[in-house]
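Report on one structure; see the data block that follows.
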Amino acid sequence: MEKKVISFGRGVPAREAITPVRKEFWSLAEQVNAEHEDDPFHYAVPEVTNFGGFVPLKFTLAEMFSFPQDPKRHVIIGNGGEEIIGFLFEALEPGFIVFEEMSYDRAIKRASRLGHTPYGVRLTESGLDLNELGSVLKRDEFRAVYHIIYSSNPTGVCADPENVKECARICRKYKKPYICDIAYFDARYDGEKNPLPNFNDPVYEYTCFVGSFSKTLTPGAKCGFGLLPKTFVDVQPIIDDARLNPNYPTQVIYYEMIKSGFYARHQEFLRNLYNPKRVAINSAFEKYLPGSRFPAIPGGFFRVHVFENVGEVALISQAANFDVEIFSARSCIPLNLQPEYSNSVPVRFAYPRLNADDIRSGISISANSWKMAQNFEAACS
Ligand SMILES: Cc1ncc(COP(=O)(O)O)c(C=O)c1O
Numbered sequence: 000m001e002k003k004v005i006s007f008g009r010g011v012p013a014r015e016a017i018t019p020v021r022k023e024f025w026s027l028a029e030q031v032n033a034e035h036e037d038d039p040f041h042y043a044v045p046e047v048t049n050f051g052g053f054v055p056l057k058f059t060l061a062e063m064f065s066f067p068q069d070p071k072r073h074v075i076i077g078n079g080g081e082e083i084i085g086f087l088f089e090a091l092e093p094g095f096i097v098f099e100e101m102s103y104d105r106a107i108k109r110a111s112r113l114g115h116t117p118y119g120v121r122l123t124e125s126g127l128d129l130n131e132l133g134s135v136l137k138r139d140e141f142r143a144v145y146h147i148i149y150s151s152n153p154t155g156v157c158a159d160p161e162n163v164k165e166c167a168r169i170c171r172k173y174k175k176p177y178i179c180d181i182a183y184f185d186a187r188y189d190g191e192k193n194p195l196p197n198f199n200d201p202v203y204e205y206t207c208f209v210g211s212f213s214k215t216l217t218p219g220a221k222c223g224f225g226l227l228p229k230t231f232v233d234v235q236p237i238i239d240d241a242r243l244n245p246n247y248p249t250q251v252i253y254y255e256m257i258k259s260g261f262y263a264r265h266q267e268f269l270r271n272l273y274n275p276k277r278v279a280i281n282s283a284f285e286k287y288l289p290g291s292r293f294p295a296i297p298g299g300f301f302r303v304h305v306f307e308n309v310g311e312v313a314l315i316s317q318a319a320n321f322d323v324e325i326f327s328a329r330s331c332i333p334l335n336l337q338p339e340y341s342n343s344v345p346v347r348f349a350y351p352r353l354n355a356d357d358i359r360s361g362i363s364i365s366a367n368s369w370k371m372a373q374n375f376e377a378a379c380s
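Our numbering puts the sequence shown at residues 0 to 380.
Shown next as structure tokens:
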């Protein structure tokens, strides 16, 4: 029999979350075939698809987020949120980009590969530290802010609307794009809805939203989008250079899923599926890892714990001895803040794929492993 391992390593949807989407996807494919014929299979068809995406989906996205700009020009759709983030980073002259003190590691890596320097700004319970943000953004070499405002990856922190507005105000003051990643906007399971900013307020003149359907529908079909303010439309030449066209068939099918109400019903299904897991991880943190640095989560895919005074190898291998797989979240921390974690191990716990019992026992084992690893290190020193 295969050994059971509890793995907190993968920030991917639960298996049960995929099946209904797969079935709906293929059944809609028939309808899309009949209605749209060859259009989604060309490079681009004027007024139907253009290099930024399937035009009706652009209008739907603008409506979903009450985004007032012309969707044809200001909504771009691509093959995932990460691709869009890459386009935006590429549109900026190389320089410093602000990230949360722990942020999406792939975005950090992408920024570095494009010649930028990711720079971590501390998080408070309400979002980015505004004093620190103000003092760094006034420096010329800072180009933009990347902020995961709803259920951040990996900390799970949701920024308060006032914090988002203040960040937007500071970015506008210094004329620097405020790139808000909203990959987890609909991934909230506690019965509340994440609030949207009023984009008609001039304070959001430099605010971009980048979203994804990877967690709310499926990562496999790949679709993400950007809502770009007037100050950021010159990203189009970069998109044209980077790729001829995105995956239109997925976009047409996602458009139909939203229009038919499947998307909304599926979000309800996901809330019911994920909420018991969310409750389990929050209560396990409270019981086994009290005083954790970041607050309980309302949704998203992750929680983080910083295990103090322990080495990475000792902690991770001790947990592995008990068949619990944990990984260091060190790559989520921008270089300027790395020294603060020299004697501790930040661990990202991804939970949606696990059941509530495994989440509880996995967290309990991780906490015990920490104590055992500390004892082991003390005995060896
Ligand atoms: C914050 C954040 N943004 C973007 C993405 C990537 O989305 P996509 O699969 O659409 O590229 C992820 C995936 O984990 C994420 O956590």
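Backbone N, C-alpha and C define an ideal beta-carbon position, used for all residues, glycine too.
Please read these numbers as outputs of a predicted model, since none were measured by experiment.
**Study point:** Backbone secondary structure at residue 52 - three-state DSSP
**Key:** Here residue 52 sits in strand by DSSP.
**Study point:** Meets three-Cβ-pair contact criterion under 8 Å: the stretch 127-135 and the stretch 156-169
**Key:** Judged by Cβ distances under 8 Å, the stretch 127-135 makes contact with the stretch 156-169, as three or more pairs qualify.
Point to revise | Bounding residues of the alpha helix (DSSP H) (the contiguous stretch that carries residue 170) | key: In this chain, the alpha helix (DSSP H) harbouring residue 170 covers 160-172.
Review point. When DSSP labels each residue in this structure, what does residue 118 get in the three-state scheme?
Key: The answer is strand: DSSP assigns residue 118 an E or B state.
**Study point:** Spatial distance of residue 329 from residue 345 (CA atoms)
**Key:** Residue 329 and residue 345: Cα-Cα distance of roughly 6 Å.
Exercise for review: With a 10 Å radius around its C-beta and 16 neighbouring C-beta atoms as the bar for buried, classify residue 319 as buried or exposed.
Suggested key: Burial check for residue 319: the Cβ neighbour count within 10 Å stays below 16, so the residue is exposed.
**Study point:** Close Cβ partners of residue 417 (< 6 Å) along its chain, the five nearest in sequence each way excluded
**Key:** Outside the shown range of the chain (0 to 380) lies residue 417, about which nothing can therefore be said.
Review point. Run through DSSP, which three-state label would residue 226 get?
Key: Three-state DSSP puts residue 226 in a strand.
Practice item. Note down the Cα distance separating residue 359 from residue 207, rounded to an integer number of angstroms. Key: As the crow flies, the alpha-carbon of residue 359 is around 37 Å from that of residue 207.
Check your understanding: If residue 317 sits next to residue 53, beta carbons under 8 Å apart, how far is it from one beta carbon to the other, in whole angstroms?
Key -> Contact flag wrong, Cβ pair sits at about 50 Å.
Review point. Cβ of residue 384 versus every heavy atom of ligand 1: is any distance shorter than 8 Å?
Key: Missing from the structure shown is residue 384; the chain here goes from 0 to 380 and no further.
Check your understanding: With respect to 8 Å, is the separation between the Cβ of residue 16 and the closest non-hydrogen atom of ligand 1 below this value?
Key -> Incorrect: residue 16 has no Cβ contact closer than 8 Å to ligand 1.
Review point. CB residue 216 to CB residue 253, shorter than 9 Å?
Key: The answer is yes: Cβ separation under 9 Å.
Check your understanding: Start and end of the beta strand (DSSP E) containing residue 277?
Key -> For residue 277, there is no enclosing beta strand (DSSP E); the enclosing alpha helix (DSSP H) covers residues 261-287.
Review point. For ligand 1, is there a heavy atom less than 8 Å away from the beta-carbon of residue 381?
Key: Summary: the structure shown does not reach residue 381, with the chain confined to residues 0 through 380, and so no result is reported for it.
Exercise for review: Just tell me which of 247, 264, 373 has its CA closest to the CA of residue 311.
Suggested key: Here the closest residue by C-alpha is 373.
Exercise for review: Could you pull the start and end residues of the alpha helix (DSSP H) that residue 15 belongs to?
Suggested key: From DSSP, the alpha helix (DSSP H) with residue 15 extends over 14-35.
Practice item. Anything with a beta carbon under 6 Å from a heavy atom of ligand 1 counts; list them all in chain order. Key: Those residues having their beta-carbon less than 6 Å away from any non-hydrogen atom of ligand 1 are, in chain order, 10, 79, 80, 81, 103, 147, 152, 180, 182, 211, 213, 218, 223.
Practice item. Taking residue 152 and residue 301 to be in contact with their CB atoms under 8 Å, please state how far apart those CB atoms are, rounded to whole angstroms. Key: Contact between residue 152 and residue 301 is confirmed by a C-beta separation of about 6 Å, below the 8 Å threshold.
Review point. Around the Cβ of residue 37, are there at least 16 other Cβ atoms within 10 angstroms (buried) or fewer (exposed)?
Key: Flag for residue 37 reads exposed.
Check your understanding: Taking the C-alpha atoms as reference points, what is the distance between residue 171 and residue 136?
Key -> Near 10 Å, if we compare the C-alpha coordinates of residue 136 and residue 171.
Exercise for review: Output the boundary residues of the alpha helix (DSSP H) element that contains residue 80.
Suggested key: DSSP places residue 80 in the uninterrupted alpha helix (DSSP H) bounded by 80-90.
Practice item. Could you tell me whether the stretch 229-246 touches the stretch 255-273, where touching means 3 or more Cβ pairs closer than 8 Å? Key: Flag = no, the stretch 229-246 and the stretch 255-273 do not touch.
Review point. DSSP three-state call for residue 142: helix, strand or coil?
Key: Reduced to three states, the DSSP call for residue 142 is strand.
Point to revise | Reference residue 49; option with closest CA among 235, 290, 183, 27 | key: It is 235 whose Cα lies nearest to the Cα of residue 49.
**Study point:** Neighbourhood of residue 321 by C-beta distance below 8 Å, restricted to the same chain and skipping five residues each side
**Key:** In the same chain as residue 321, and ignoring 5 residues on each side of it, the C-beta atoms closer than 8 Å to its own belong to 364, 367, 368, in chain order.
Check your understanding: What is the residue span of the alpha helix (DSSP H) that residue 72 lies within?
Key -> In the DSSP annotation of this structure, the continuous segment of the alpha helix (DSSP H) that includes residue 72 starts and ends at 70-73.
Exercise for review: Run the CB neighbour count on residue 188, radius 10 Å, all protein chains shown included, and call it buried at 16 or more, exposed below.
Suggested key: Around the CB of residue 188, 16 or more other CB atoms lie within 10 Å, so the residue is classed as buried.
Practice item. Measure from the alpha carbon of residue 138 to the alpha carbon of each residue in 80, 95, 107, 309, then state which is nearest. Key: For the residues 80, 95, 107, 309, the minimum Cα distance to residue 138 belongs to 95.
Check your understanding: Would you say residue 193 and residue 185 are within 9 Å of each other, going by their C-beta atoms?
Key -> In this structure, the beta-carbon distance from residue 193 to residue 185 falls below 9 Å.
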